[in-house]
Structures are given as C-alpha cells and as structure tokens.
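In full-length UniProt numbering, the protein residues as written are 1 to 357. A virtual CB, placed ideally from N, CA and C, is assigned to each residue, including glycine. Every value quoted in this text rests on a predicted model; they were computed, and no experiment measured them. Contents: one structure, followed by commentary.
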Amino acid sequence: MQATIALLPGDGIGPEVVAEGVEVLKAVGERYGHSFSFSEGLIGGCAIDAHGTALPEATIEICRAADAVLLGAVGGPKWDDPKAKVRPEQGLLGIRKTLGLYANLRPVTVTPALASRSPLRPDLVEGVDLLVVRELTGGIYFGDKTCVYIRPDEEQAVDTCVYTTSEIERVVRRACELARTRRGKVTSVDKANVLETSRLWRRVASRVVAEEFPDIQLEHILVDACAMHLLRRPADFDVIVTENMFGDILTDEASMLAGSLGLLPSASLGAGKAGLYEPIHGSAPDIAGKGVANPLATILSVALLLRYSLGLDTEAEAVEKAVYATIDAGILTGDLAPAGQGRSTKEVGAAVLERLG
Ligand code: NAD
Ligand code: IPM
Ligand code: MN
C-alpha cells in the first residue's frame, strides 16, 4: 500500500523518539512491500520560535493531507512562562481539536518481563491488559478560561468544564466497540458525586450501553476510587472510558503498572480513519538531548498507526512482538534498566529493528 505519514517531532525528546519510530516505519515498508512517504511539520515550542505560533497553518495542512500523523512531544522550560500568551501545549490541543480526534486510546500491557521490573508487586501487575479511552476534545481543557482582577490585589481564574450529550455518546460508543473486540467490559470513570458534567456523563453512558450495547458489562466508578483500584486490582480492568482530564491523570498513573511513562503509546481517533499517534509522555526536558529517552512508547504508537489508520494488523503485531522481544532480552533504556546499565535510544531502536525479522 501507499501512505503518507505526517511527522511532528516537536520539542525535547520528541525528535529523538520520532526518529526511531520512522526507522521502524521504513523497515515495515521494506519488509512488507509498502511505500510510506513522510512530510514533516513544526508544532509546539519549535513552531513558536520559528513562526510565533504553536500550530502553524502549514502544519495543519500537512496533517490534513496525510493518512496518519506521528507526533513526538511538545513543551519545555524555554516556553514555560506562565504569563506567556503562546504556549507549546496550545499546538497539541489545537491539532487534536482541528482534526476532530475525540477518542484517545491508551493501552497498558504488562508482560512477564515488565512485571518483574515494575515498582509494584509482580503478582499484582502480571496479566494487566487494559485500554483507557480518554475523551480528547472536550471538558475542562476546552471550556472558557479567564483570569481577571476582581480587586486590585486579588485575581480570579476560571476554567469551565463543559460536556454535551453527543460528545459523551460518541466516545462511550467507541469504548464499547473496542470492548467488544476484547473482554466485553467497560468501566466508566467520573466524579458524579460532585460534578454536573459527570452526572450527565454517567446517565449518557448508562443509556448508550443499555440501548446499543446490551452485551457489554458496564460499571461506574468515581475517579478517586479508580486511582486506587488501578493499583490494587489493575488486572480486573478491560476498557476504561473517561473524560479528558481524568484520562490524562489516570494514564500517567497507569504507566507505572508497566514500569515507565516511556512505554505507553496512544492513538487519537475521530470519525475517519486518519489519526494522530503519540507517546503519552512529554518532552522530558530533564533527559532531552542526551540520547537516552525510551523510544518504545513511540514505536508502539507506530504499531497503533499501522493498525488503526492503515489497517495493517499483521505489521502492527510484528512491531509489538519486536518491542516485547527487545524488553524480554533486557535491552532497556535507563528508565527501566538497573542503575548504570541503561542503553541508548538508538541502541533500543536498533534492537527492535533487528527483531522485526
Ligand atoms: P514528561 O512526561 O515530559 O516527563 C516526566 C518524567 O518522565 C521525567 O522524569 C522524564 O524524564 C520521564 N520520561 C518521560 N518520557 C520518557 C521517555 N520516553 N524515556 C524515559 N523517561 C521519560 O512530563 P513533564 O516533565 O511533566 O513535562 C515536560 C513538558 O512536556 C511540559 O512542557 C509538558 O507540558 C509537556 N508534555 C507534553 C506532552 C505531549 O506533548 N504529549 C505530554 C506530557 C507533557
Ligand atoms: C498528554 C499531555 C497533554 C494533555 C498536555 C501536554 C497538553 O499531558 O498528552 O497527556 O494533557 O493532554
Ligand atoms: Mn498527560
């Protein structure tokens, strides 16, 4: 097949990990006879430096013209002034919203090799295979925001959390459809004891499942309890569906089941097949430029890209197998390796390529 993939490496370790993802795409192309072409755009801090905006028009056009987008990460101390009018993160939120990517899939899988290295007890995390479906284009991230002086020495900041019925319906449907291909269980996470948006979320989720997915086993949990259950009984979860900010926080937490933020990939999908694929981690300013970032979250995001946007299931599985074989072989960056034994980003990337066959 022929496909165009837009690359948005971004800031910090973004370019380092995207480079390894591109090597894997090239290798898949060669080995399976596909022709992938690449177009590159600026996003985040590097786009602010070049054009004064975190999401230049040219970047949006590159993404719209592509079959899929592979993104690294945005942000960093250089652009962190809380008073700045333009911020790298606006680029990320902007591209998600512009492309209508309302469902963010964040799978967490713990292999035996990872279980033995997890900061949590191996017997707790072994067999974890869960998928968080995070709503990505609504909620408190996108509601009205203000910060004004209400008295000379008193400021007031407001972030508004908004959800509509249809925004909840479509992401719950997506979660249920995915659950049908897995173990048929959906956990909807909210804060319905306090938030109006959560009460709407819970009502809509219950109705969608009752009317359209009677085969799905639905449970509701409050987000604070979910944060605890994720550590106490993580293997019980199949699909978790939740609003934008809860999903953001719970998935950084869930990354510790696998042992590192550097392992978790994501797929952001909308109505069509085109999607955006990115590791869930950020630009990691503390290790940027050192060549030690874990590239596996990005390489696993490439697997999701092959599966969801290009329909190449065999190739996606081959990439995932190569990643897990690399982990099993103990070829790990410093975030997972014993102290002083971490391998470089490039070494780990090369080990995956070798195992790709
Ligand atoms: P972060 O995810 O960048 O880093 C948190 C910790 O995890 C750091 O210690 C980092 O070294 C480590 N880490 C992250 N990815 C790693 C990898 N691949 N390999 C090894 N270690 C890894 O989060 P932060 O420090 O809170 O944020 C830094 C910047 O990144 C901020 O500007 C933030 O807004 C941005 N950010 C961007 C994205 C994104 O682009 N999708 C996501 C999260 C944070
Ligand atoms: C993520 C990040 C982003 C988010 C930030 C950088 C805007 O944390 O992709 O998880 O909160 O969505
Ligand atoms: Mn996050």
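Beyond the five residues adjoining it in sequence on each side, residue 178 comes within less than 8 Å, by CB distance, of 105, 131, 133, 239 in the same chain, given in chain order. The three-state secondary structure of residue 141, taken from DSSP, is helix.
In chain order, 292, 342 place their CB closer than 7 Å to the CB of residue 334, counting only its own chain and leaving out the 5 sequence neighbours on each side. Residue pairing for residue 149: DSSP places it in a beta bridge opposite 155. By the neighbour-count definition (other C-beta atoms within 10 Å, threshold 16), residue 193 is an exposed residue. According to DSSP, residue pairing for residue 134 in a beta bridge involves 104, 242.
With respect to the C-alpha of residue 268, the residue from 23, 95, 55 having the closest C-alpha is 95. Residue 90: member of the alpha helix (DSSP H) spanning 88-98, first to last residue. Residue 283 has its CB nearer than 7 Å to a heavy atom of the ligand NAD. Distance from the C-beta of residue 327 to the nearest heavy atom of the ligand MN is not below 7 Å. For residue 185, no alpha helix (DSSP H) encloses it; the enclosing beta strand (DSSP E) starts and ends at 185-190. DSSP, reduced to helix, strand and coil, places residue 333 outside both helices and strands of the structure shown, so it counts as coil. When the beta-carbon positions are compared, residue 17 and residue 295 come within less than 8 Å of each other. The beta carbons of residue 218 and residue 250 sit no closer together than 8 Å.
Residue 277 has 70, 267 as its beta-bridge partners, per DSSP.
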